[in-house]
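Each residue of the sequence shown is one higher than the one before, starting from 3 at the first, in the working numbering.
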Amino acid sequence: MKGNRVRRLLRRLPRRLPRRLPRRRIIDYPRQGRAGVRRWLPSWRLVLGTFGTCFGGLVGLFVIVYISVDIPNENELAAQEASIYYWADGSQMVSVGAVNRQNVTLDKVPDSVENAVIAAENATFYSDSGVSLQGIGRAVVNMLSGGDTQGGSTITQQYVKNTYLSQDQTVTRKAKEFIISLKVNNQKSKREILRGYLNTSWFGRSSNGIQAAAHAYYGIDAEKLNPSQGALLAALLKGSEQYDPTLSKANHQRAVARWKWILDRQVATGKMSASERAKYTRFPEPRALAKPTSQAGQTGYLVDVANKFIQSSTGLTDKDLASGGYRIHTTFDKTLTHRLEKAVTRVRQQTIDPKKRATDTFVQFGAASVRPKDGAIVALYGGADATKHFGNNADTSAVPAGSAFKPFVLAASLEQQTEAWGAEANPGNWDSTVGDLRGALMNAQSPPFVEAGQRIGLERIRDLVVNAGLREESLAQLEPTFPLGTSAPSAIRLASAYTTFGNGGVHAEPYAVSKMTLDGKPLDGFDHQEPAQVLSPDVAQQMTGILEGLGWRTLGTSDGRGPFRPVAAGVSEPGDRMKSAWFVGSPSGGPSAGAAPGVAGGFSKGGADNDEPTTAITMFRNKPGAPELLPMNGVGGPDSGLGTTIPPKIWTAYQDTSPQDTSSRETSSQDTSSQDAPLQAGP
């Protein structure tokens, strides 16, 4: 019985056993033994294991990168070179940017200044690890999305960026900044890091470091800064272009607001008592902006215009330019610039005498020459001396144009007439309205221009002058007096707009830099706009003829002789009762082929061959600190016509090609600074 039972059990066994058992999977996914949705839901073991593996991999990668990245030698990237500006002929104009820095130890920096900087930039400086993961994450996201890459860095990170790395805003640079900041935080004390940060930070005004900034803004050593002054300097770390209170009214408002916030922030973080804070209610106004002596005479004004053009074309900031190493090729003609300066100086000495006439005080001159064919700014006169008179008179937008604006009203009327008559009309046949405007321009009458503005439409006149190169922000409100020149274009822009008349109605946007390199590599942004046709050729030719008649009337002698060479001109008139005097002149060579019947000839050189620059000269009175221009009554004596006779004399002297005025000597301050001392104006 027992044997039979065993045999029956053996029969039930499979005749062939499997060679091997199924192997258990390392990752049970999709999950065995599960059905439906549960088959695809990972187990907690799988989730935990995956997270642990990834985290361990990242930690391992971080360790490898941390070990492989060394702290660079700070002297390797600390060396900076000056930027060189060149004249149009390729000769060197000026070297700018030997780094303005004087390192100081922390015992030379008041605790209140340190506290202000920490409160403004990194309140947890003494307790953090030297990096801000949140700030770096935000910066990386912004970079990848094309947004603002600034902000969120600790003082340690900013010190590392200033000392060891470039200013490039890239993910790679941010990653290096993170690793190096951790190492620096582990290897250096917080006091060492703070000292390095204060000595390498940019405060504007060409000042690197707290010591240079103290001198630039207050004329004192850093150790003499009080808590209020220190709070303002700390505010500048956010960007001097936005917070230097002397640059603009908007800057001043921003600076005051941030200065207050930094003082309050110190109270909130326990670094200043409320009673101490209550002492600082008056904003610590810094001293006026002063330029280095290497930019004396006209050089500082030339550099100023070149830098503005660079910033608008490339997006570079003052801080970028101050870092040095750039080679900047300008459009400025050395001979013409020197000759223009000499012309202003000579006529000023002959006509302006503050000791004799009180009305001659605070007189300022500005001028600019623009080449019609391509818009190159070839010369300018910005004031007596860029290191003493800081405002650039060639680029100011605070001086009304007066009657020098009226030719654009006449041009708009001619354009309207041409459209009404059609292309087949004879441009020499004047209708009564246009003829009235032409006569009013020649006879310095204003009412016909007010009437023309109402008839043509002020918007049409505005559009014409904007297309011709005037900036819309410099234009006055569209009121009935708009055609009389209440707008305030700069000398550069008014000269540029006038080139349209002599250039066949074609306007080229003005520019000051032809090319720029960094480390031998050209920078983008200097592909100039193509000239545009903004006036019909017929209207431009008619306007040239009219302006030649105006030039004859303005520059002619009392015995009926005309100017020594034909000139198309725009002028302001004594009857304007404006607070400025203008003359805009364009040399011309007599009648050109194809001149319209009954109209004086245009430029002998027109279109792309026109190399003769158009020059705008302005004269006004500006008392330092006064919000408005002073009256011109009595300036230059009783025969000056409210000063309106003086700018034409400057233009005539500028055209004089005698040897003493065509010297190729570079612009300097020796022959102008002492003469201009009584005529200084505020920034």
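Virtual Cβ for every residue (Gly too), placed ideally from N, Cα, C. Nothing here was measured: the structure is a model prediction, and the numbers come from that model.
Residue i burial status per 10 Å Cβ neighbour count (16 or more: buried)
i      : result
Gln531 : exposed
Arg7   : exposed
Glu474 : exposed
Pro650 : buried
Met621 : buried
Asn164 : buried
Asn188 : exposed
Gln352 : exposed
Asp529 : exposed
Asn309 : buried
Gln213 : buried
Gly92  : exposed
Ala259 : exposed
Glu575 : buried
Leu472 : buried
Limits of the unbroken beta strand (DSSP E) element including residue i
i      : result
Trp584 : 583-589
Val517 : With the sequence shown as reference, residue 517 is identified as Lys, and Val is not the correct amino acid for it. It spans 515-520 - the beta strand (DSSP E) in which Lys517 sits, taken as one unbroken run.
Leu460 : Looking at the DSSP string, Leu460 is not in any beta strand (DSSP E); the run it does join, the alpha helix (DSSP H), is 460-469.
Val269 : Here Val269 belongs to no beta strand (DSSP E); instead the alpha helix (DSSP H) covers 251-270.
Arg350 : Careful: Arg350 lies outside any beta strand (DSSP E), inside the alpha helix (DSSP H) at 336-353.
Gln366 : 365-372
Ala381 : 379-383
Cross-strand partners of residue i (DSSP beta bridge)
i      : result
Arg495 : In DSSP, Arg495 forms no bridge with anything.
Gln213 : Gln213 is not bridged to any residue.
Pro524 : Thr519
Gly572 : Val586
Ile86  : Ser97, Arg329
Trp204 : Asn210
His509 : Ala534
Arg103 : Asn210
Length of the line joining the Cα atoms of residue i and residue j
i      : j      : result
Thr332 : Ala370 : 14 Å
Tyr199 : Gln160 : 7 Å
Ala478 : Ser582 : 15 Å
Met545 : Thr616 : 15 Å
Gly551 : Val569 : 8 Å
Thr669 : Gln300 : Only weak support is given to the placement of Thr669: the predicted model assigns it a pLDDT of 37, under 50, and the question is left unresolved by the model.
Leu239 : Ser209 : 11 Å
Trp554 : Pro565 : 6 Å
Pro636 : Arg462 : First, the residue type needs correcting, since residue 636 is Gly and not Pro in the sequence shown. If I take the Cα positions, the gap works out to 36 Å.
Arg279 : Tyr219 : 22 Å
Arg464 : Asn105 : 53 Å
Leu338 : Thr501 : 17 Å
Asp306 : Lys321 : 14 Å
Val401 : Pro491 : 7 Å
Leu249 : Ala122 : 22 Å
Val536 : Glu630 : 34 Å
Asp663 : Glu511 : Below a pLDDT of 50, predicted positions are generally treated as unreliable, and Asp663, at 41, falls in that range; no measurement from the model is reported.
Pro450 : Lys408 : 10 Å
Ala324 : Leu632 : 36 Å
Gly643 : Leu496 : 22 Å
Val452 : Gly645 : 24 Å
Gln2   : Pro286 : This structure cannot speak to residue 2, because the chain is shown only from 3 to 685.
Residue range of the unbroken alpha helix (DSSP H) whose run includes residue i
i      : result
Phe622 : From DSSP, Phe622 is part of no alpha helix (DSSP H) but of the beta strand (DSSP E) over 616-623.
Val119 : 113-123
Trp653 : 648-657
Asp2   : Lying outside 3 to 685, the shown extent of the chain, residue 2 is not represented and no answer is given.
Glu421 : 408-423
Ser230 : 229-238
Ser242 : 242-245
Glu278 : 276-279
Val162 : 157-165
Asp376 : Neither: Asp376 is in no alpha helix (DSSP H) and is coded neither H nor E.
Glu481 : Unbroken run through Glu481: none, as it is neither H nor E.
Closer than 7 Å: residue i CB and nearest the ligand PLP heavy atom
i      : result
Glu532 : The ligand PLP is not part of this structure, which contains no ligands at all.
Next on the checklist: Can you confirm whether the segment 99-115 touches the segment 225-239 when touching is taken to mean that 3 or more C-beta pairs between the two stretches lie within less than 8 Å?
Outcome noted: Here the segment 225-239 lies against the segment 99-115, with 3 or more beta-carbon pairs under 8 Å apart.
Checklist entry - Quick check: the segment 503-523 against the segment 384-400, are there 3 or more CB pairs under 8 Å? => result The answer is no - the segment 384-400 does not touch the segment 503-523, with fewer than three Cβ pairs under 8 Å.
Checklist entry - Does the pairing of the segment 124-131 with the segment 178-198 give three or more beta-carbon distances under 8 Å? => result With the cut-off at 8 Å, the segment 124-131 and the segment 178-198 touch.
Next on the checklist: With three or more beta-carbon pairs closer than 8 Å as the criterion, would you say the segment 308-326 touches the segment 524-541?
Outcome noted: In short, these stretches touch, since the Cβ pair count reaches three.
Next on the checklist: With three or more C-beta pairs closer than 8 Å as the rule, is the segment 573-588 touching the segment 390-407?
Outcome noted: Contact between the segment 390-407 and the segment 573-588 is present: three or more C-beta pairs spanning the two stretches fall below 8 Å.
Checklist entry - How do the segment 266-277 and the segment 356-367 stand: do at least 3 beta-carbon pairs fall below 8 Å, yes or no? => result They do not touch, by the three-pair rule.
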